[in-house]
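K.L.:
Below you will find the structure I want to go over with you.
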Amino acid sequence: MGRKKNTPTDRQFMIAEVVKTERISPNFVRVTLAGLEGLENWGADHWCRLFFTRQGQDVLELPTRTSEIGWYLQYLATPKARRPWVRAYTVRDARPEVGEVDIDFVIHGDLDSMGPAAKFALEAKPGDRLGFLDQGSAFTPDHPHDWTLLIGDETALPAIAGICRELPGSTEGVAIIEIPSAEDKQEFVAPAGMDIRWIARDESSQAHEKPGELALKALAEAKLPDGEVHAHTIGESALATGARRHLVSERGVPKRNVDFVGYWRYGRAQTS
Numbered sequence: 001m002g003r004k005k006n007t008p009t010d011r012q013f014m015i016a017e018v019v020k021t022e023r024i025s026p027n028f029v030r031v032t033l034a035g036l037e038g039l040e041n042w043g044a045d046h047w048c049r050l051f052f053t054r055q056g057q058d059v060l061e062l063p064t065r066t067s068e069i070g071w072y073l074q075y076l077a078t079p080k081a082r083r084p085w086v087r088a089y090t091v092r093d094a095r096p097e098v099g100e101v102d103i104d105f106v107i108h109g110d111l112d113s114m115g116p117a118a119k120f121a122l123e124a125k126p127g128d129r130l131g132f133l134d135q136g137s138a139f140t141p142d143h144p145h146d147w148t149l150l151i152g153d154e155t156a157l158p159a160i161a162g163i164c165r166e167l168p169g170s171t172e173g174v175a176i177i178e179i180p181s182a183e184d185k186q187e188f189v190a191p192a193g194m195d196i197r198w199i200a201r202d203e204s205s206q207a208h209e210k211p212g213e214l215a216l217k218a219l220a221e222a223k224l225p226d227g228e229v230h231a232h233t234i235g236e237s238a239l240a241t242g243a244r245r246h247l248v249s250e251r252g253v254p255k256r257n258v259d260f261v262g263y264w265r266y267g268r269a270q271t272s
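Just so it is clear: in the sequence shown, position 135 is 135 by UniProt numbering, and no numbers are missing.
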C-alpha cells in the first residue's frame, strides 16, 4: 500500500478549537482549528485523525496511549457511549507558528444523512472543540522516477494540493482530480510541469454511478508521459485500487511505483 511514512516520533493527543468556518465552494467547508501548540508541518499529504463527540456526549474522552496500535486498542475498548467518532483528514494548510490548521470537509447529502465529520463542519462555531492526533505524511516515493502521477476524487483534493505544493519545481507529471461540481475547483501551487486535469461530474455527459468512476475512465483513456513514474492513487476505494490495477496490468508500471490509499468506500458507512 505504501512506503515508510514520515510520522511524528513524539505524538500526543491535543484538543483543537474551532476559530473559523467558511463555505469555500458548493461541496467544501473549510474549518480553521487552533490550539495546536507544538504541531509540526509535515508538508505533502500531512494528515491527522479528528475525534468528535457523539450525540449525547458532554465530554470528549480521548485515548491516553499514543502508539499507533495502542491508542486504537484503547479506543475500541472504550464503551460506545463514551467513545468519540474518529475520522482521518488531510491538512489543507498548517501554520505551526500559531498552532493552526485548515481542514477541508467534503459535504455530501443533507444534514440528516451525512456523516458526523461533515455534520460537525456544517454546524461548527468558534469555540467548539475536537480531538486531534497528528499522523505525519504518507507521500514518500523512494525510487528514481521521471514523472509523477496523482489521481483522486474530491476527498483526495487536499492531499493532491499539498503534494503539488511540495514537489520540486522541476517536477513533471499529471494530476487527475474528479470533483462533484466545476465550482469546486481550487487554485493551488504546483510545478509548471504538472498538468492539472479537472473532471467535474456536473459537466459530464457520461453515465456514472459513484465518485471516482469518471477519473478512472479518464486515466484509462489518457495519454501519459514516457519514462519511469511514481503514482499516488487516493480517494474512494474502487478508484484507488482500480487505478493501481490499470497502471500495473495495462501500462506495465511496476507495483512498487504505485502507492494507493482507499480513503472511503462508496455505499458503506464508517461506524467507528
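Even for Gly, the Cβ is constructed at its ideal location relative to N, Cα and C.
What's the call for V106, buried or exposed, on a 16-neighbour Cβ count within 10 Å?
P.N.:
Buried.
K.L.:
Whether or not the segment 228 to 248 and the segment 141 to 157 are in contact is what I'm after, with contact meaning three or more pairs of Cβ atoms, one per stretch, closer than 8 angstroms; do they touch?
P.N.:
Output reads yes: the segment 228 to 248 touches the segment 141 to 157.
K.L.:
Buried or exposed for V59, going by 16 or more other Cβ atoms inside 10 Å?
P.N.:
That one is exposed.
K.L.:
If you scan the segment 159 to 238 from start to end, which runs of the alpha helix (DSSP H) of 4 or more residues do you find wholly inside it?
P.N.:
Runs of the alpha helix (DSSP H) inside the segment 159 to 238: 213 to 221.
K.L.:
Excluding the five sequence neighbours on either side, which residues of its own chain have a C-beta within less than 6 angstroms of the C-beta of E17, listed in chain order?
P.N.:
Closer than 6 angstroms at Cβ, skipping near neighbours: A34, G35, R129.
K.L.:
For V189, does the count of other Cβ atoms within 10 angstroms reach 16, so buried, or fall short, so exposed?
P.N.:
Looking at its Cβ environment, which holds fewer than 16 other Cβ atoms inside 10 Å, V189 is exposed.
K.L.:
How many angstroms separate the CA atom of L62 from the CA atom of L133?
P.N.:
Going from the Cα of L62 to the Cα of L133 covers about 10 angstroms.
K.L.:
Going along the chain, which residues of its own chain have a beta-carbon closer than 8 angstroms to the beta-carbon of M1, five neighbours each way excluded?
P.N.:
With a pLDDT of only 35 at M1, under the threshold of 50, the placement of this residue in the model should not be trusted, and no figure is reported.
K.L.:
Straight-line CA distance for R245 to G127?
P.N.:
About 45 angstroms.
K.L.:
Out of L157, L39, P141, R23, state which residue places its alpha-carbon closest to the alpha-carbon of T9.
P.N.:
Considering only alpha carbons, the answer is L39.
K.L.:
Jot down the residue ranges of each uninterrupted beta strand (DSSP E) in the UniProt domain "FAD-binding FR-type" (11 to 142), minimum 3 residues, whole runs only, in chain order.
P.N.:
Whole beta strand (DSSP E) segments, 3+ residues: 14 to 25, 28 to 34, 47 to 52, 85 to 95, 100 to 106, 129 to 136.
K.L.:
Taking the continuous beta strand (DSSP E) assigned at Y263, which residues delimit it?
P.N.:
That run of the beta strand (DSSP E) goes 258 to 264.
K.L.:
Enumerate in chain order the residues of its own chain whose CB-to-CB distance from A121 is below 6 angstroms, with the five nearest sequence positions on each side excluded.
P.N.:
Here the set comprises V29, V31, F105.
K.L.:
By the three-class DSSP mapping on this structure, what secondary structure does T148 have?
P.N.:
In the structure shown, T148 sits in a strand (DSSP, three-state: E or B).
K.L.:
Contact defined as beta carbons within less than 8 angstroms: I believe P84 pairs with T53. What is the distance between those atoms, to the nearest angstrom?
P.N.:
Indeed, because the Cβ distance is near 6 angstroms, the residues count as touching under 8 angstroms.
K.L.:
Roughly how many angstroms separate the alpha carbons of V174 and F13, rounded to a whole number?
P.N.:
V174 and F13: Cα-Cα distance of roughly 36 angstroms.
K.L.:
What's the gap between the Cα of P254 and the Cα of V98?
P.N.:
The straight-line gap from Cα to Cα measures roughly 42 angstroms.
K.L.:
Alpha carbon to alpha carbon, how far is N257 from P144? Give it in angstroms, no decimals.
P.N.:
Rounded to the nearest angstrom, the two C-alpha atoms are 9 angstroms apart.
K.L.:
Run the proximity test for L122: is its beta-carbon closer than 7 angstroms to any non-hydrogen atom belonging to the ligand COA?
P.N.:
You won't find the ligand COA in this model; it holds no ligand whatsoever.
K.L.:
Return the residue from the list I69, P191, S181 that minimises the CA-CA distance to S170.
P.N.:
Minimum Cα distance to S170 is reached at P191.
K.L.:
Closest to E37 by C-alpha separation, out of A200, R65, K20, R95, would be which residue?
P.N.:
Among A200, R65, K20, R95, the Cα nearest to that of E37 belongs to R95.
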